[in-house]
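Below is one structure, written out as structure tokens; comments come after it.
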DNA sequence: TTGTAGGCGTTATCAG
DNA sequence: CTGATAACGCCTACAA
């Protein structure tokens, strides 16, 4: 029903090849002809059919974004970064959400059809082996963000460094009893271990501090999860004076729970978060800031580049994190200077 | 490079028509033939090309979602609802974010191409007139959610009722000085007026209370926005004892700001929010709950139905809101019983 | 610089 | 029930 390229060609009195050239900015068209075509397009209100285009050029101009929704505000920032990279680009974004292990299998299973999208951005959730296999076979272009796999292009942040920044700041404030409320590396694999474990342990070890396993807790990725972990930590014989959290939600949960339980923050208990948002800023959370938007922008750019020049090596790149000092971490009440 | 329907036909020793029928669950195929085809498909690892399909059947099986990202957690819930409705459906979701008035024009401008998506879900942001016009012309299927336009199918919540619920609850608690911290109806039109204004005014009027214009404030849709409005309200000669907020973020901003300024909530100041989330629950916010996920599910279902039976009348439907009593609204300190 | 003829992978139509 | 065959709308040679 809508006009096709044939209608335009007839209306302009030229061949469809010429119309196509004009539409695609091919320079080998006489200016006068171009004008005629453009006029016809205008008159007819013609717009090329995306479906036919995708079919004909074997490129959909669609990028898929695989993302776990529990990422929350993190996801929104990612979307902003991706959109920023996609602006002034013919690309459009297909979102596939992953909320459960089943979703994960299903989604990784039926993405990567060459004619369904041109490439895929995988956020946070580690891809399945089958996916990695197929990607290689089909010459499909994936990019991981906030996740790392040596076999695929990845853009992420170094958790070891981030944890080191948080713990070091606590140490610098005079804390010696520093706990960790961590989150799972792979949200769907309870055995995957905590994201900050290593950096936490190494930093404390480097400071000559031994760490009690009671101080390392894996908690739900939520405010109540942080609150529950706090309760557990306050129950140990020598409770910590500072807590490093593996995420912002958990940190905010800890802060609120501490207040409710009558602890002043940071006078009685210091807390350092991981990740930053407007809310964290408003609430004055001291936190390790992750350049989420920029990470998304870069990851998208990597994908776009790979699409334009399809042979580059998978490269893992890390963005720097930065400690933002605000009001939830200060010196412990009784600065116990060990030595 | 990947196998096509022709390869499958050859491999199975049948015509492509038969393969197509099998693939599309057409019942007019002998069981034995079906098996042969399925076996061939399996052997070749064949998967039909989405692009070719979209082109051939003039249906993309893609739904567009137009959404403002500043909607925050609201957007995440919407995504959950939409995905719920889309599960076990061949439909997939293309997301277009709107962050500025420019985005709005651009996005509404180039969506609704029949061959780019089958329909569109518009969240929150009022469509442009041009969009409404074209939708009618092209027979494209739009559905609004959390927004209402009589000319288009809409699924929303009644702000008048919601405001009435919030104000009534304050009244029932004995408050007489009740303020409103509202947000814009159309986030891109500063002249659009507040979302809760009418319900607020009518409820107070019905209770025989006159309302000072100083008590009605339009604030930024953010926590700092709420905080700023609070400051303004506390500066009036007779400050309110209760505040009804037009959104959750604003409400949380007010709660936090009140605490920081030394007001106890709800002892010194009561606050009722609008909308609910895990965070609001965790923080104990008394609020008017909006069934966001269900709203999204229904809106998507409406779209799906319209797609299946393309002639139905645009219908506006409202979902009920519910007041959730938690800890931020109680009786005023000195219950001033007028009269 | 331009027109014309294939081809892309499915679906749909129509004989058989 | 099944096999040819014609669209579908655009892009890309190739020839003029």
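Residue numbers (the numbering used here), protein chains in the order written: chain R, 1 to 339; chain V, 1001 to 1339.
Ideal Cβ placement from N, Cα and C applies to all residues, glycine included.
What you are looking at is a predicted structure, and each value in this text was computed from that prediction instead of being measured.
- Distance check between residue 132 of chain R and each of R:149, R:265, R:118 and R:268 places R:149 closest, using alpha-carbon atoms only.
- Between the beta-carbon of residue 117 of chain R and that of residue 94 of chain R there is about 6 angstroms, and that keeps the pair under the 8 angstroms contact cut.
- Going by beta carbons, residue 240 of chain R and residue 329 of chain R fall outside the 8 angstroms limit.
- Of the other Cβ atoms in all chains shown, fewer than 16 fall within 10 Å of the Cβ of residue 1 of chain R; this residue is therefore exposed.
- Among the residues of chain V, those whose CB is under 8 angstroms from the CB of residue 75 of chain R are 1076, following chain order.
- A direct Cα-Cα distance of roughly 34 angstroms separates residue 1090 of chain V from residue 316 of chain R.
- In the three-state DSSP reduction, residue 1068 of chain V falls in the strand class (E or B).
- Under a 10 Å Cβ-count criterion, residue 325 of chain R is classified as exposed, with fewer than 16 other Cβ atoms of the shown protein chains found around its own Cβ.
- Around the C-beta of residue 137 of chain R, fewer than 16 other C-beta atoms lie within 10 Å, and the residue is accordingly described as exposed.
- Interface criterion not met: the Cβ of residue 1105 of chain V is under 8 angstroms from no Cβ in chain R.
- If you ignore the 5 residues before and after residue 223 of chain R, its C-beta comes within less than 6 angstroms of the C-beta of 249, 252 and 253, all in its own chain and listed in chain order.
- Within the segment 1216–1242 of chain V, the residues whose Cβ lies closer than 8 angstroms to some Cβ of chain R are 1222, 1223, 1224 and 1227, listed in chain order.
- In the DSSP assignment, residue 1289 of chain V is bridged to V:1322.
- At least 8 angstroms separates the beta-carbon of residue 1275 of chain V from that of residue 1312 of chain V.
- Between the C-alpha atoms of residue 256 of chain R and residue 285 of chain R there is a straight-line separation of about 11 angstroms.
- Under the Cβ distance rule, residue 256 of chain R counts among the residues neighbouring chain V, one pair being separated by less than 8 angstroms.
- The beta carbon of residue 1054 of chain V sits closer than 8 angstroms to some beta carbon of chain R.
- Contact between the segment 1100–1107 of chain V and the segment 34–43 of chain R is absent: fewer than three C-beta pairs spanning the two stretches fall below 8 angstroms.
- In the three-state reduction of the DSSP assignment, residue 194 of chain R falls in the strand class.
- Taking every protein chain shown into account, the CB of residue 1210 of chain V has fewer than 16 other CB atoms within 10 angstroms, so this residue is exposed.
- Interface annotation, residue 1299 of chain V: not in contact with chain R, CB-CB separation never under 8 angstroms.
- Distance from the Cα of residue 220 of chain R is smallest, within the candidate group R:188, R:167 and R:270, for R:188.
- In this structure, DSSP gives residue 1152 of chain V a state outside helix and strand, which the three-state scheme calls coil.
- Between residue 1152 of chain V and residue 1314 of chain V, the beta carbon gap of about 5 angstroms places them in contact (Cβ cut-off 8 angstroms).
- With 16 or more other Cβ atoms from the protein chains shown falling within 10 Å of its own Cβ, residue 1289 of chain V counts as buried.
- Nearest to residue 1048 of chain V by alpha-carbon distance, out of V:1019, V:1156 and V:1297, is V:1019.
- With a contact defined as Cβ atoms closer than 8 angstroms, residue 1081 of chain V and residue 1293 of chain V qualify at about 4 angstroms.
- Cβ-Cβ distances below 7 angstroms link residue 1029 of chain V to 1018, 1021 and 1022 in the same chain, with the five nearest sequence neighbours on each side left out; the list follows chain order.
- R:175 is the residue among R:291, R:175 and R:37 whose C-alpha sits nearest the C-alpha of residue 334 of chain R.
- Within the segment 1115–1138 of chain V, the residues whose Cβ lies closer than 8 angstroms to any Cβ of chain R are, in chain order, 1115, 1116 and 1138.
- DSSP places residue 1119 of chain V in no alpha helix (DSSP H) but in the uninterrupted beta strand (DSSP E) bounded by 1119–1123.
- Chain R has a Cβ within less than 8 angstroms of the Cβ of residue 1051 of chain V.
- Chain-ordered listing is empty here: chain R has no CB closer than 7 angstroms to the CB of residue 1211 of chain V, the nearest sitting near 29 angstroms.
- Interface flag for residue 1198 of chain V against chain R is unset, since no Cβ pair is found closer than 8 angstroms.
- With 16 or more other Cβ atoms inside 10 Å of its own Cβ, residue 51 of chain R counts as buried.
- Cβ-Cβ separation between residue 170 of chain R and residue 272 of chain R: approximately 6 angstroms, consistent with a contact (criterion under 8 angstroms).
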